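**Student:** From first to last, the protein sequence lines stand for chains A and B.
The first sequence: position 335 = 335 (my numbering), numbered continuously.
The second sequence: position 119 = 119 (my numbering), numbered continuously.
Glycine included, every Cβ here is placed at the ideal spot set by N, Cα and C.
Keep in mind that this is a model prediction, so the values were computed, not measured.
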Amino acid sequence: MFRHFSAAAAAAAFTLSACAPGAPDAPDAGEINLFTARHYASDAAVYAAFTEETGIRVNVLEAPADQLIERMRAEGARSQADVVITVDAGRLWRADQAGLFQPAPELAETLEAVPANLRHPDGHWFGFASRVRVVVFARDRVNAGEINDFLDVADERWRGRLCVRSSNNVYNQSLLAGLIDAVGAEQAESWAAGVAANIARAPQGGDTDQIRAVAAGECDIAIVNHYYLARLQRASDSADRAVADAVDMVFPSLAGRGAPFNVSGAGLAANAPNRDNALAFLTFLLSETGQRQFAELTNEFPVVAGVTYENDVLDGYPEITPDPVNVNVLGENATAAQRIFDRVGWP
Amino acid sequence: MAVSPLMRQAYPVWPALIAAIACAAPLVAVAALAVSGEWSGYLTHLWSTRLPVYLINTLHVTLISGSLAVLLGAGLAWLVARYEFTGRSVFEWLLALPLAVPAYAAAYGWFDLTQAAGPLGMLPTVRGATGAGLVLGLTLYPYVYLLAREAFSGQSSDAYEAARTLGARPRDAFLRAALPMARPAIAAGLALVVMETLADFGAVSHLGAPTLTVGLIRAWAGEGATADAARLALILVAIAFLIFALERAQRARARQTSASGRRRPSRRIVLSAPRALAAAALCLSPVLLGMVIPLGRLAYRALSAPVTRDLVSAAQNAVLLATIAGVLAALIGLAAAYALRTGTRRGAVAARIAGLGYAVPGAVAAMGVLAILGLMQTWIDTAWNGMFGSVFPVMLTGGVAALIFAYLSRFAAAAIGPADSALSRVTPALDGAARTLGASANETARRVHWPLITQGALLAALLVFVEVLKELPATMILRPFNFDTLAVIAHNYASDERLGEAALPALLIAAVALPPMIWIARRIVRSEGVRAEDVHAEAGH
């Protein structure tokens, strides 16, 4: 019986696959090929809005940024990628270093709307939405006033009370890269050593898991990106909201310079076969519609000032002073940061 | 096997040679990357900082998953082969099923259950090297089980009974007569378990047990150091080769002691009621722990999560890729088997090389495939441009073909074993008879071999089918636009920390993999009376 079943399944697979692909019927305004390291299901809504507005189809390849970069390198001049999107400025810097981007002078005017520190100095790439690294704490065990700066997190007072994910993670890497710029490599290294010493449990899971651990009492504070808490606060699952209710969040400054922002950013691929469409897409990311969607769907901050959106959680935040440094340094210092992590034994 | 000169000429070695080159190419490319890249001093830095931890973790995880797999796989195989108790005939194939569960899916489920705020928060959290070892052991032990089950069912019963007759207590008879004879089968299963453990990224990274594979991804991701990642990969490959060599030595040693081939069904000892209950509970526990509980948790999570992606087309894509790869792998398996059959040195070397790919972690194989395809594209483009003055119309990367190439280079080895053993059932005498009666080589293959080897070929195809369904890293980096598989979707949601949404695709992988797994398990259980060598070879070369 099982033999017949497998044979039937195999036959079915071939039949189905024959009609599986095929482009949707749309007025043919061409297409763009998107290499993206974002893996938010809601991004599909952004692409759909773009297609509706322009008629341009969006072909998507989602993979971790490093793999996308590796593939573009291997494909060289034959690469089909038009636009590259990552969720970290450091990766954009690296892609740029590998010569995978081309300048887009046509966008110069549009990019004026993006704060100068959230884009490449020569416009090779730009942030279209921003996120900030924050500290989440247990309401019942910690006072909001106890942490004003990320430097405080390395204090002995937090020994065995801190949850943070592995240093494999790029968000931690960029946080330390920013600190290296702020206080120099030596002091950044002793900070990292202090933080590593404070870690309550061997890191596992992602940022959300660190928040859950704070709520569950495994640790008292956690370093995470702001939108993971925002997502829990806006969740439909009551258990998730209970987790969010047990904790609160502060926006510590990075060595007194301001809150450490990072970007979701995009660049025009060096060999983009559909250059004009790609420019239209990049422009769309900064449009009113595009910007609003990032705030509403993924709880990121729009980069264009004055964009209106509906998101109670974001609206409830206090005034945040961002670190004015150009996020380009996150890439420049990434290797140094990783080696510091290795030396201090931040798992 | 003595081979007549007739047969030596009859079967061509070149299909196996081509397959071997294709299968070994990515590994060669990785070695080339490692050697040609810049020496940035990263390895020195790593040696003084993190490399020892990677090595210790790798050892720790592998020891636990390996010993758990042997304990469960061989122990339970003995139990169902030698004793009669309620439900035995069901457990016999049920025990193989956790192999359908991707290790990363089991890791998601267990971690979610046992973390501090989870429903099983009172238990120690499944995490770290120990947790990862347990999860991997529980999902991979069926490799050992399937092979040991076959070995115990016939081959060693004579020796065991002889030992008992001579007055040995059951335990001693097991340890000193039955176990040594099943050792090659167990070693072959263990080699597969260890290989998969070494190559695993999903489970160990989720549970916070940085092994060498995590380290090489970190080198790649954190520093963009492709060459250094390739060098770390070579360490992994070296370990894998060492294990293969040990396994081969085991097999070679055991061959001298193996039985004459005469087999009879063993009489099972009927267990008393309380013991039978204990036996059933023993058999049930790995199935619960490796499959039912973690998948149950995922199913619960899936209930409360919206379905936002097109899982139907992702499932179709996954099945399509797995089917094509399965069929082609079976063909490569047969080609290699025929090459081995010629008895020529060239044939044997070709078959061995084709089997090397299994030792390469998926991420590394993908890197190699990318490098090779990129290089080939440049050559072809240049040549084409020289001849026709235009761009070569076909992109080698980013198509289904590239994916299949990567899968085959990695999994073809899993297909060579079953094909080889199936073909070895066709004795040279049969060939001789057919040829004497005037049949051509092709006719002999079609009318004599084919009916005898279809099962083995199908088995080879199904093993590869299941592997490809679960495969992640190569699929991730090589797939075309707008082309997701279940494993890719599950991973994307999980890395976005949305376990609920990741649960359904992970469950679907298991659901699609289950029917072939059941088929494999039942086929092996039914195969009592077939030569034991057959299933040993399913371990691949």
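With H, G and I counted as helix, E and B as strand and the rest as coil, what does DSSP make of Ala259 (chain B)?
**Tutor:** Caution is warranted here: a pLDDT of 43 is assigned to Ala259 (chain B), below 50, making its placement in the model unreliable, and the coordinate value is therefore given only provisionally. In the structure shown, Ala259 (chain B) falls within a coil segment according to DSSP collapsed to helix, strand and coil.
**Student:** Please list the partners that Ser304 (chain B) has in chain A, where partner means a Cβ-to-Cβ separation under 7 Å.
**Tutor:** Those within 7 Å of Ser304 (chain B) in chain A are Asp237.
**Student:** Comparing alpha-carbon positions, which option in B:Val204, B:Ala229 and B:Ser205 lies nearest Leu216 (chain B)?
**Tutor:** B:Ala229
**Student:** Tell me whether Gly267 (chain A) is buried or exposed, calling it buried when 16 or more other Cβ atoms sit within 10 Å of its Cβ.
**Tutor:** So Gly267 (chain A) counts as buried.
**Student:** Taking only runs that begin and end inside the region 25 to 58 of chain B, name each unbroken beta strand (DSSP E) of 3 or more residues, in chain order.
**Tutor:** none
**Student:** How about Ala185 (chain B) and Ala151 (chain B): do their beta carbons lie closer than 8 Å?
**Tutor:** yes
**Student:** Grab me the residues of Leu499 (chain B)'s own chain with a C-beta within less than 7 Å of its C-beta, minus the 5 sequence neighbours each way, in chain order.
**Tutor:** Correct list, in chain order: Tyr108, Asp112 and Arg301.
**Student:** Ala216 (chain A) CB to nearest chain B CB: under 8 Å?
**Tutor:** So yes, Ala216 (chain A) belongs to the interface.
**Student:** Does DSSP put Ser390 (chain B) in a helix, in a strand, or in coil?
**Tutor:** Looking at Ser390 (chain B) - three-state DSSP - the assignment turns out to be coil, as it is neither helix nor strand.
**Student:** Below 8 Å on the Cβ atoms is my contact criterion, and I expect Arg131 (chain A) with Asn225 (chain A) to pass it. Report the Cβ-Cβ distance as a whole number of Å.
**Tutor:** Yes, they are in contact, since the Cβ atoms of Arg131 (chain A) and Asn225 (chain A) sit about 5 Å apart, within 8 Å.
**Student:** Going by other Cβ atoms of all chains shown within 10 Å of its Cβ, with 16 needed for buried, is Thr321 (chain A) buried or exposed?
**Tutor:** exposed
**Student:** Can the beta-carbon of Val153 (chain A) be found closer than 8 Å to that of Val135 (chain A)?
**Tutor:** yes
**Student:** Am I right that Arg309 (chain B) and Ala41 (chain A) are in contact with their C-beta atoms under 8 Å? What's the rounded C-beta distance?
**Tutor:** 6 Å
**Student:** Using three-state DSSP, classify Cys163 (chain A) as helix, strand or coil.
**Tutor:** Cys163 (chain A) sits in a strand when the DSSP states are folded into three classes.
**Student:** Using CA atoms only, rank isn't needed, just tell me which of B:Leu136, B:Thr197, B:Leu232 and B:Leu423 is closest to Ile453 (chain B).
**Tutor:** Proximity to Ile453 (chain B) across B:Leu136, B:Thr197, B:Leu232 and B:Leu423 peaks at B:Leu423, based on C-alpha coordinates.
**Student:** Less than 8 Å between CB atoms is the rule here; does Gln80 (chain A) satisfy it with respect to chain B?
**Tutor:** yes
**Student:** Pull up the distance between the alpha-carbon of Ser205 (chain B) and that of Gln204 (chain A), whole angstroms please.
**Tutor:** 8 Å
**Student:** What residues are listed by DSSP as bridge partners for Phe101 (chain A)?
**Tutor:** In DSSP, Phe101 (chain A) forms a bridge with A:Ala269.
**Student:** Taking a Cβ distance cut-off of 9 Å, strictly less, list which residues of the region 48 to 74 of chain B are near chain A, in chain order.
**Tutor:** Ser48, Thr49, Arg50 and Val53
**Student:** Mapping the DSSP letters down to three states, classify Asn33 (chain A) as helix, strand or coil.
**Tutor:** strand
**Student:** Let me confirm a value: Trp14 (chain B) is counted as buried when at least 16 other C-beta atoms fall within 10 Å, else exposed. Which label applies?
**Tutor:** Result: exposed.
**Student:** Can you give the Cα-Cα distance for Gly145 (chain A) and Gly123 (chain A), rounded to whole angstroms?
**Tutor:** 39 Å
**Student:** Under the rule that 16 or more other beta-carbon atoms within 10 Å means buried, what is Arg119 (chain A), buried or exposed?
**Tutor:** buried
**Student:** Are Leu463 (chain B) and His491 (chain B) touching if we call contact CB-CB under 8 Å?
**Tutor:** The answer is no: Cβ separation not under 8 Å.
**Student:** Determine, using beta carbons only, whether Gln210 (chain A) comes closer than 8 Å to chain B.
**Tutor:** no
**Student:** Can you name the start and end residues of the alpha helix (DSSP H) that Arg339 (chain A) belongs to?
**Tutor:** Ala334 to Val344
**Student:** Mind pulling the chain B residues with CB within less than 7 Å of Thr335 (chain A)?
**Tutor:** Those within 7 Å of Thr335 (chain A) in chain B are Glu223.
**Student:** Within a Cβ cutoff of 7 Å, which residues of the same chain sit near Asp542 (chain B), ignoring the five residues on either side of it in sequence?
**Tutor:** Missing from the structure shown is residue 542 (chain B); chain B here goes from 1 to 541 and no further.
**Student:** Comparing alpha-carbon positions, which option in B:Pro428, B:Val468, B:Leu190 and B:Val292 lies nearest Ala245 (chain B)?
**Tutor:** B:Leu190
**Student:** Does DSSP put Glu84 (chain B) in a helix, in a strand, or in coil?
**Tutor:** strand
**Student:** In this structure, what does DSSP give as the bridge partners for Glu62 (chain A)?
**Tutor:** Bridge partners of Glu62 (chain A) according to DSSP: A:Thr36.
**Student:** Leaving out the 5 sequence neighbours to the left and right, which residues in its chain are closer than 7 Å to Val270 (chain B) when beta-carbon positions are compared?
**Tutor:** Glu84
**Student:** Which of helix, strand or coil does DSSP assign to Ile18 (chain B)?
**Tutor:** helix
**Student:** Indicate whether the contact test is met: 3 or more Cβ pairs, each with one atom in the region 113 to 129 of chain B and one in the region 163 to 178 of chain B, closer than 8 Å.
**Tutor:** No: the two stretches stay apart, fewer than three of their Cβ pairs being nearer than 8 Å.
**Student:** Where does Met122 (chain B) fall in DSSP's three states?
**Tutor:** The three-state reading of DSSP puts Met122 (chain B) in coil, since its state is none of H, G, I, E or B.
**Student:** In chain order, what residues of the same chain have a beta carbon less than 7 Å from the beta carbon of Val313 (chain A), not counting five sequence neighbours either side?
**Tutor:** Ala230, Gln233, Arg234 and Asn299
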